[in-house]
Every structure is written in structure tokens, then in C-alpha cells.
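Chemist:
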Amino acid sequence: MNNVFAALPEVDADASRRLHARLVAAAEDAGLLDVAYRTVDSPVGPLLLAGTGEGVVRVAFECEGHDDVLATLSERVSPRILNAPARLDAVARQLDEYFAGRRSSFDVALDFRLAAGFRRSVLEQLRHISYGKTASYAEVAAKTGHPKAVRAVGTACALNPLPLVVPCHRVVRSDGAAGNYRGGAEAKLTLLALEARRS
Amino acid sequence: MSLPPFEQVVEEHGPRVLRVCRAMLGYHEAEDAWSETFLAALRAYPQLDPNANIEAWLVTIAKRKAIDHYRSAARTPSPAAELPDGVDTLPEGYDELWTAMRSLPAQQREAVAYHHLAGLPYTEIAEILGNSAAAARRASSDGMKKLRAIYQGASR
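Chains as they are written, first to last, in the working numbering: chain A, 30 to 228; chain B, 6 to 161.
(1) With 8 Å as the C-beta to C-beta threshold (strictly closer), list the residues of the stretch 44-56 of chain B near chain A in chain order.
(2) Which same chain residues, not among the five before or five after B:Ile130, have their C-beta less than 7 Å away from its C-beta?
(3) If you measure from the beta carbon of B:Tyr127 to each beta carbon in chain A, is any gap under 7 Å?
(4) Please decide whether B:Tyr156 counts as near chain A, where near means a Cβ-Cβ distance under 7 Å.
(5) For A:Arg227, which of A:Ala113, A:Arg132, A:Pro114 and A:Leu77 has the nearest alpha-carbon?
(6) When the Cα atoms are used, what is the spatial distance from A:Lys177 to A:Gly183?
(7) Checking the sheet assignment: what are the DSSP bridge partners for A:Arg67?
(8) Please compile the residues from chain A whose C-beta is within a distance smaller than 8 Å of the C-beta of B:Leu23.
(9) Count the other CB atoms, across all protein chains shown, that sit within 10 Å of the CB of A:Cys186; report buried if there are 16 or more and exposed otherwise.
(10) Under a CB-based cut-off of 7 Å, is B:Glu17 close to chain A?
(11) Measure the C-alpha to C-alpha separation of A:Asp125 and B:Gly135 and round it to an integer number of angstroms.
(12) The beta strand (DSSP E) spanning A:Ile158 covers which residue range?
(13) Beta-carbon separation of A:Thr163 and A:Val201 under 7 Å?
(14) Determine the direct distance from the alpha carbon of A:Asp97 to that of A:Glu91, and round the result to whole angstroms.
(15) What are the residues of the stretch 51-67 of chain A that lie near chain B, defined by any Cβ-Cβ distance shorter than 9 Å?
(16) Using CA atoms only, rank isn't needed, just tell me which of A:His157, A:Val69 and A:Leu218 is closest to A:Gln123.
(17) Tell me whether the beta-carbon of B:Leu53 lies closer than 7 Å to the beta-carbon of A:Ser103.
(18) Would you please verify whether the beta carbon of A:Arg109 is less than 7 Å from any beta carbon of chain B?
(19) Whole angstroms is fine: what's the gap from B:Leu23's alpha carbon to B:Tyr32's?
(20) Would you kindly report the start and end of the unbroken beta strand (DSSP E) that includes A:Val85?
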């Protein structure tokens, strides 16, 4: 018998699950769960949802690389990050309803800390473009009081940390083309088609 | 270089730290010690040096939590500074291996757990035990010899 530990399982899956749930509960109680996250399936691919104590802080598409997004959250918000679905239950349910065509706006607390300054004020404007409607990048720029900042509006949309919930997909090019999207041009078309059908 | 999300730490190191806790405390109390270890680690995590050996850091916390458990189990007013030798005051374990582990002197039990279960190098173990790498290696090897003897004795 060379190694008396050979028979020992490397991982006790039941215990790991039990202990993870216990850690999440204790962390939440102690106020140490700075960022909770979960993933959900959707017609535009798996989505990563992350929330702080203040609200939803990030919605990410699969093409962004969920591991990369979590690494960025660790750096920019806090490394106290756990896979803890409960905090995201409300937004997950509302996204389901949205994709099923039964919801036209989101009613959850949002944490805008990943978008500062002008980008933040662009996101505030986007919330006024209602379901099924679109606005051009130039129109949004005008609404922010900086009509020449069309390109900056494009950047703010491209870097929107809360896509879907803050509807940057409703901002399109002045020539009518949908334009780029954080989740890919195809996802944007899917969302616009969904909203056109139901509104 | 920045710290990975704590979820990744739990995923990568949780199972091995659990094995170490079981080796030190037996099957049942190990889960309490594991939970206390990871909650304390989560609290201190943002201040951790990104270049630190995370496994050694977790094992150091786990050892402290295990000592806390011995203290409260013994209900003695004078705090124990080290894990006790021998088996009498240790909590009941179920698994045969953990029972065998508990019969080892503390230094050997710790050295075996930290090296063979946590996978730490002897230089890191020496820091946790407060001795030299050579002494840590010797304690681990003596402990493994005893474990094998107990096992062979039991299977005859």
C-alpha cells in the first residue's frame, strides 16, 4: 500500500454542494457577498447576471466570455464573488417574461457603477426609449444635450454593462440599419424582431 | 495581476481543504471548520497578496479554526496553542482513515494532511508548523509509515 489516501475521493460532490450553499448563506448574512451571479438561458444565448447589494450590476452575453466578465467584476467591483442565484431571481424571471413577450419593461434595482460620466447619462436616456420603438445614435446624442457626441453615444451603447435591461438594442443607425451590439449584430436583430412582433 | 473571483477559489481549493479539515477533526466537525475557514477567507480575501499561495493561506486559516474547535470541545479556560497529540479528546470520526489519522501525533498528522491531502510543498508546511522543511518532511514520512502500519495491521 503505497498511498493510504488512494481510495479517498478527490472531491466529495455532495459535501461540496452542501458547503457551497452554506457559505453563500453565511456570506449573505455577514454582508460579505459583494457580487452574486448566476447564468440563465435565453433566445440570444446563455446570459450571465451579476448583482451587488445595490442592484443588478452586469448582464453579459456568452460572446463576451463569462469568465472574463467575472474577472473584470473581481477587479472593478470586488473579488468577493460567489455563484449565488437567489439575488438574481427577480431579474431572471423578468427576462424570461420579456423573451416570452409578456413584459415590456424591467422593474429591478440597477447598479450603474460600471458606467460613469457621459456613458452613464447616455444609459439614463436609453431607459426612455419604450418597448418596440427605436432611436438613432444622433437622436440619443441630442437628448443628452451633446448633439455632436454621436460616436460617444455609440461607445456608451457598445459598453453598456446592463444590456437588455437598459435597452441599448433600441438604438440604431440613422440609415435604418440595426448596427453593432455587445451581444452581436444577430442578437440585436432578434430583439428588435421580438419587440416589433409584440408591440 | 489581480485576484480571481472567490467562487474560483472555492471550486479549486474547497475539496482539498475539506480533506484537511476531516484529517484534523474527523468527518462531522470538519464541515463546521470548513465553513468557518471559507467565511473568514472571504472576509480577508480583498487584502490578500495576489501572488500568495492560496492553498497555504487557506490551510493556515483551517488550522486556526480546527484549534478553535478543540478548545471549545475541551471547554478549558486556558486556550490550547497547538493541536493536541493523541486521540482521547478528539471528536468522534466515522471513517477508518480519519480514525487512523487521529492516532498520529499532531505534527505528523498535520504534515501528512498538508502534504498528501492539500498538496503543499514542505517549505510552505514548515512555515505553518513553525519548523524547518527537513523536519516537516520527516514528520510527514514518519506519519505515513505509522498510517501504513495501522492499515496493514487492520487488514490482516
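We put the CB at the ideal spot given by N, CA and C, even for glycine.
Modeler: In terms of the structure at hand:
(1) Leu44, Leu47, Arg48, Tyr50 and Pro51
(2) Ala116, Tyr119, His120 and Ala141
(3) no
(4) yes
(5) A:Arg132
(6) 12 Å
(7) A:Leu78
(8) Asp41, Ala44, Ser45 and Leu48
(9) buried
(10) no
(11) 56 Å
(12) Counting along the chain, A:Ile158 falls outside any beta strand (DSSP E), and DSSP gives it neither H nor E.
(13) yes
(14) 10 Å
(15) Arg51, Leu52, Ala55, Ala56, Ala59, Leu61, Leu62, Asp63, Val64 and Tyr66
(16) A:Val69
(17) no
(18) yes
(19) 9 Å
(20) Val85 to Phe90
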